[in-house]
Amino acid sequence: MNLTLKIWRQKGPQDKGGIVDYKVSDISEHMSFLEMMDVLNEQLVNKGEEPVAFDHDCREGICGMCSMYINGEAHGPNRGITTCQLHMRTFKNGDTIYIEPFRANAFPVIKDLVVDRSSFDRIQQAGGYISVNTSGNTQDANSLPISKENADLAMDAAACIGCGACVATCKNASAMLFVSAKVSQFSLLPQGQVEATDRVMGMVKQMDEEGFGNCTNTGACEVECPKGISLDNIARMNREYFSASAKG
Amino acid sequence: MKSSIVKKYVMALSGLFLMLFLFQHFCINATSLFSSDLFNNISHFMGTNPLVQFAIQPILIIGVVVHFIMGFVLELDNKNARKIGYAMNNGAANSTWASRNMIWSGLVILAFIALHFVDFWFPEINTKFIQGDWSGAIEGVEGYRYFTELQHKFANPLRVGAYIVAFALLIMHLLHGFSSAFQSLGANNKYTRAIKGFGKVYAIGVPVGFIVIALFHYFNH
Numbered sequence: 014m015n016l017t018l019k020i021w022r023q024k025g026p027q028d029k030g031g032i033v034d035y036k037v038s039d040i041s042e043h044m045s046f047l048e049m050m051d052v053l054n055e056q057l058v059n060k061g062e063e064p065v066a067f068d069h070d071c072r073e074g075i076c077g078m079c080s081m082y083i084n085g086e087a088h089g090p091n092r093g094i095t096t097c098q099l100h101m102r103t104f105k106n107g108d109t110i111y112i113e114p115f116r117a118n119a120f121p122v123i124k125d126l127v128v129d130r131s132s133f134d135r136i137q138q139a140g141g142y143i144s145v146n147t148s149g150n151t152q153d154a155n156s157l158p159i160s161k162e163n164a165d166l167a168m169d170a171a172a173c174i175g176c177g178a179c180v181a182t183c184k185n186a187s188a189m190l191f192v193s194a195k196v197s198q199f200s201l202l203p204q205g206q207v208e209a210t211d212r213v214m215g216m217v218k219q220m221d222e223e224g225f226g227n228c229t230n231t232g233a234c235e236v237e238c239p240k241g242i243s244l245d246n247i248a249r250m251n252r253e254y255f256s257a258s259a260k261g
Numbered sequence: 552m553k554s555s556i557v558k559k560y561v562m563a564l565s566g567l568f569l570m571l572f573l574f575q576h577f578c579i580n581a582t583s584l585f586s587s588d589l590f591n592n593i594s595h596f597m598g599t600n601p602l603v604q605f606a607i608q609p610i611l612i613i614g615v616v617v618h619f620i621m622g623f624v625l626e627l628d629n630k631n632a633r634k635i636g637y638a639m640n641n642g643a644a645n646s647t648w649a650s651r652n653m654i655w656s657g658l659v660i661l662a663f664i665a666l667h668f669v670d671f672w673f674p675e676i677n678t679k680f681i682q683g684d685w686s687g688a689i690e691g692v693e694g695y696r697y698f699t700e701l702q703h704k705f706a707n708p709l710r711v712g713a714y715i716v717a718f719a720l721l722i723m724h725l726l727h728g729f730s731s732a733f734q735s736l737g738a739n740n741k742y743t744r745a746i747k748g749f750g751k752v753y754a755i756g757v758p759v760g761f762i763v764i765a766l767f768h769y770f771n772h
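Chains as they are written, first to last, in the working numbering: chain Y, 14 to 261; chain X, 552 to 772.
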């Protein structure tokens, strides 16, 4: 298939940037979106032009690196996938496709479609962990009884790959779905109780300091999340925050 | 108050309080459909009872002001969180129009409240607090004046039209706002489906009820 691509090009963090049109031809419907980008980049390199910089790593939907905003949606129009899992059969011959970086002040553009998501790392460092002695005498995890329901919910929350699609999609660039998943995966388990108060207070404070927006409960993040992280986690975090604030 | 979650608590609690007020306002207005005497008596009670006038009314005004100010603060925060927008954004693919446009439906409701104050509240304050007339009587009308004043206001088709537009936007505001308030307060549990269902009935039923009352008096004055 032949396509017109409207791609955000930006030489560096300080560059103004803008949309540039490209034509690609003979694209197979079996290609992944990233392979289509590879074809474009090969064309650009052959012509002596600067290839389009874009995030990618595992290309199997696990790492959360690929971060494109395609035709107005994070990771493109399909549900429950990352960009590397988006196939060209989703599009039609002759289509025009907009490709932009994830947009948020807290995700500054480094180059073209590559954004800096280290704000997520700093939120994680503000409490998204448990303190465990791993010196060799760690107790067996099965010695702590955990209900099946909570184990499942914690596992579902832990499925978050920190890709940032929730932020990119949210009309407010809010990181509530990401932060709530990280809070929930620990708060649902007994190991997470010890630091529960500091965790939610610390992570929410860091989230606010990074400049993410507030949650309007539109639910767009849940729809666009490649791992199906539920809005229930945001409600859980709001409850956790309330009880943590009450404790002081 | 700096925390984004605390701001959402404030938004949700003030919103729930205003929804409670709206429902009682609707119930009182609805009496005007079938009994002018009942409407007059309740209106006189609400307009002259010291607890309502000097305790509940100020709380209500604070609730309205807090909800609007916090709404604007959140909107500014949110706009600042993404200074460079998308060239192409398909919001309709993943969220409802009502949820994405709370600020616009809210601004229409704010404009409506201004109109409503000019229509009813300011004249009431003038009569009672400036002229000192707490009798509820008006020259040429037997009994209390409230029902006659209501009929007089809804004789104007432009006013009725403005009310209908505002209440249509109120439906959109409440369709998202009702269940969103519970989500913000962390109440996402086995009752969530019931809350969402009740929220839809409330969000459509109450504003449509107000529209019916306005139209009833327009056609029956």
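Don't be surprised by glycine CBs; every beta carbon is placed ideally from N, CA and C. On a predicted model such as this, the values are computed, not experimentally measured, just so you know.
Next item on the list: Consult DSSP for residue 716 of chain X and reduce its assignment to one of helix, strand or coil.
Entry: Numbered from its first residue, the second sequence carries residue 716 of chain X at position 165. DSSP places residue 716 of chain X in helix when its eight states are reduced to three.
Next item on the list: Apply the 10 Å Cβ neighbour rule to residue 168 of chain Y and answer buried if 16 or more other Cβ atoms are within range, or exposed otherwise.
Entry: Here the question's residue 168 of chain Y lines up with position 155 in the first sequence. Exposed.
Notebook entry, point to check: Leaving out the 5 sequence neighbours to the left and right, which residues in its chain are closer than 7 Å to residue 651 of chain X when beta-carbon positions are compared?
Noted result: Numbered from 1 along the second sequence, position 100 holds the residue referred to as residue 651 of chain X. Here the set comprises 642.
Next item on the list: Please check if any C-beta of chain X sits within less than 7 Å of the C-beta of residue 231 of chain Y.
Entry: One-based indexing of the first sequence puts residue 231 of chain Y at position 218. Closer than 7 Å to some Cβ of chain X, the Cβ of residue 231 of chain Y qualifies, so yes.
Note to self: I'd like the list of long-range same chain contacts for residue 769 of chain X, defined as Cβ closer than 8 Å, with 5 residues on each side in sequence excluded.
What the structure shows: If you number the second sequence from 1, residue 769 of chain X lands on position 218. So the qualifying residues of the chain are 705, 706, 708, 711.
Margin query: Please state whether the Cβ-Cβ distance between residue 284 of chain Y and residue 737 of chain X is less than 7 Å.
Written below: Outside the displayed span of chain Y (14 to 261) sits residue 284 of chain Y, for which this structure offers no information.
Next item on the list: Going by CA-CA distance only, name the one from Y:90, Y:142, Y:230 that's closest to residue 648 of chain X.
Entry: Along the second sequence, read from residue 1 onward, the residue named residue 648 of chain X stands at position 97. Checked all of Y:90, Y:142, Y:230; the closest Cα to residue 648 of chain X is Y:230.
Check: Going by DSSP, what residues sit across from residue 82 of chain Y in a beta bridge?
Finding: Position 69 of the first sequence, counted from the first residue, corresponds to residue 82 of chain Y. DSSP, once it has assigned bridges, lists Y:87, Y:113 as partnering residue 82 of chain Y.
Check: For residue 576 of chain X, which beta-bridge partners are listed by DSSP?
Finding: Looking up residue 576 of chain X in the second sequence gives position 25. DSSP output for residue 576 of chain X lists no bridge partner at all.
Next item on the list: Output the distance between the C-alpha atoms of residue 142 of chain Y and residue 232 of chain Y, rounded to the nearest integer angstrom.
Entry: Here the question's residue 142 of chain Y lines up with position 129 in the first sequence. Here the question's residue 232 of chain Y lines up with position 219 in the first sequence. Distance between the alpha carbons of residue 142 of chain Y and residue 232 of chain Y is about 26 Å.
Next item on the list: Within its chain, find whatever has a CB closer than 8 Å to the CB of residue 697 of chain X; leave out the 5 residues flanking it on each side and keep chain order.
Entry: For the purposes of this step, residue 697 of chain X is taken as residue 146 along the second sequence, with counting starting at 1. Here the set comprises 590, 591, 594, 595, 598, 687.
Next item on the list: Could you tell me the distance, in whole angstroms, from the CA atom of residue 128 of chain Y to the CA atom of residue 622 of chain X?
Entry: Locating residue 128 of chain Y in the first sequence gives position 115, counting from the first residue. Locating residue 622 of chain X in the second sequence gives position 71, counting from the first residue. If you take the alpha carbons of residue 128 of chain Y and residue 622 of chain X, they lie about 30 Å apart.
Notebook entry, point to check: Count the other CB atoms within 10 Å of the CB of residue 732 of chain X; is the residue buried (16 or more) or exposed (fewer)?
Noted result: The residue you call residue 732 of chain X lines up with position 181 of the second sequence. Residue 732 of chain X should be labelled buried.
Next item on the list: Under 7 Å Cβ to Cβ from residue 767 of chain X, same chain only, skipping five residues before and after it: list those, please.
Entry: Reading the second sequence from its first residue, position 216 is the one you call residue 767 of chain X. The residues are 584.
Notebook entry, point to check: Going along chain Y in order, which residues have a C-beta closer than 7 Å to the C-beta of residue 636 of chain X?
Noted result: Here residue 636 of chain X refers to the residue found at position 85 of the second sequence. Here the neighbours are 116.
Note to self: If we define contact as Cβ-Cβ less than 7 Å, is residue 688 of chain X a contact residue for chain Y?
What the structure shows: On the second sequence, residue 688 of chain X is found 137 positions in, with the first residue counted as 1. Not closer than 7 Å to any Cβ of chain Y, the Cβ of residue 688 of chain X fails to qualify, so no.
Next item on the list: For residue 64 of chain Y, collect the residues of the same chain with a Cβ closer than 7 Å to its Cβ; drop the 5 residues on either side in sequence, then sort them by chain order.
Entry: As a first step, residue 64 of chain Y must be located in the first sequence, where it is residue number 51. Around residue 64 of chain Y: 54, 57, 58.
Next item on the list: Establish whether the CB of residue 644 of chain X and some CB of chain Y are separated by less than 7 Å.
Entry: Residue 644 of chain X sits at position 93 when you count from the first residue of the second sequence. Yes, because at least one Cβ of chain Y sits closer than 7 Å to the Cβ of residue 644 of chain X.
Note to self: Less than 7 Å between the beta carbons of residue 70 of chain Y and residue 76 of chain Y, yes or no?
What the structure shows: As a working note, residue 70 of chain Y is residue 57 in the first sequence. As a working note, residue 76 of chain Y is residue 63 in the first sequence. Yes, they are a contact pair.
Next item on the list: Output the distance between the C-alpha atoms of residue 760 of chain X and residue 714 of chain X, rounded to the nearest integer angstrom.
Entry: Position 209 of the second sequence, counted from the first residue, corresponds to residue 760 of chain X. Position 163 of the second sequence, counted from the first residue, corresponds to residue 714 of chain X. In a straight line, the C-alpha of residue 760 of chain X is about 12 Å away from that of residue 714 of chain X.
Next item on the list: Could you work out which residue in X:610, X:695, X:553 is closest to residue 586 of chain X when comparing CA atoms only?
Entry: Here residue 586 of chain X is taken as the residue at index 35 of the second sequence, counted from 1. Taking only the C-alpha atoms, the option nearest residue 586 of chain X is X:695.
Next item on the list: Leaving aside the five residues before and after residue 758 of chain X along the sequence, list all residues of the same chain whose C-beta is less than 6 Å from its C-beta, in chain order.
Entry: Reading the second sequence from its first residue, position 207 is the one you call residue 758 of chain X. Result list for residue 758 of chain X: 718, 721, 722, in chain order.
Notebook entry, point to check: Between the Cα of residue 754 of chain X and the Cα atoms of X:735, X:762, X:764, X:728, which residue gives the shortest distance?
Noted result: Walking along the second sequence from the start, residue 754 of chain X turns up at place 203. Selected option, being the one with the closest Cα: X:728.
Check: If you measure beta-carbon to beta-carbon, which residues of the stretch 717-737 of chain X are closer than 7 Å to chain Y?
Finding: 731, 734, 735, 736, 737
Notebook entry, point to check: Assuming residue 202 of chain Y contacts residue 734 of chain X under a Cβ cut-off of 8 Å, what Cβ separation, rounded to an integer in Å, is found between them?
Noted result: Looking up residue 202 of chain Y in the first sequence gives position 189. Looking up residue 734 of chain X in the second sequence gives position 183. Contact doesn't hold; Cβ gap of about 23 Å is too wide.
Notebook entry, point to check: Would residue 33 of chain Y be called buried (16 or more neighbouring beta carbons within 10 Å of its own) or exposed?
Noted result: Start at 1 with the first residue of the first sequence, and residue 33 of chain Y comes out as number 20. Per the 10 Å Cβ criterion, exposed.
Note to self: So residue 225 of chain Y contacts chain X; which residues on that side make the cut at Cβ distance below 7 Å?
What the structure shows: Here residue 225 of chain Y corresponds to residue number 212 of the first sequence, with the count starting at 1. The contacting residues are 632.
Next item on the list: Find the nearest neighbour of residue 561 of chain X within the set X:625, X:602, X:771, judged by alpha-carbon distance.
Entry: Counting from 1 along the second sequence, the entry for residue 561 of chain X is found at position 10. The shortest Cα separation from residue 561 of chain X among X:625, X:602, X:771 belongs to X:625.
Notebook entry, point to check: Counting pairs of Cβ atoms below 8 Å between the stretch 652-669 of chain X and the stretch 209-221 of chain Y, do you hit three or more?
Noted result: no
Next item on the list: Let me know the secondary structure DSSP gives residue 207 of chain Y once reduced to three states.
Entry: Within the first sequence, residue 207 of chain Y is the residue found at index 194, counting from 1. Coil at residue 207 of chain Y, not helix or strand.
Check: Under a Cβ-count criterion, where at least 16 other Cβ atoms within 10 Å of its own Cβ denotes burial, should residue 742 of chain X be classed as buried or exposed?
Finding: Residue 742 of chain X sits at position 191 when you count from the first residue of the second sequence. Under this definition residue 742 of chain X is an exposed residue.
Notebook entry, point to check: Can you tell me whether residue 606 of chain X is buried or exposed, with buried defined as 16 or more other CB within 10 angstroms of its CB?
Noted result: The sequence position of residue 606 of chain X within the second sequence is 55, counting from 1. Classification for residue 606 of chain X: exposed.
Notebook entry, point to check: So, is the C-beta of residue 222 of chain Y closer than 7 Å to a C-beta in chain X?
Noted result: If you number the first sequence from 1, residue 222 of chain Y lands on position 209. Residue 222 of chain Y does not count as touching chain X.
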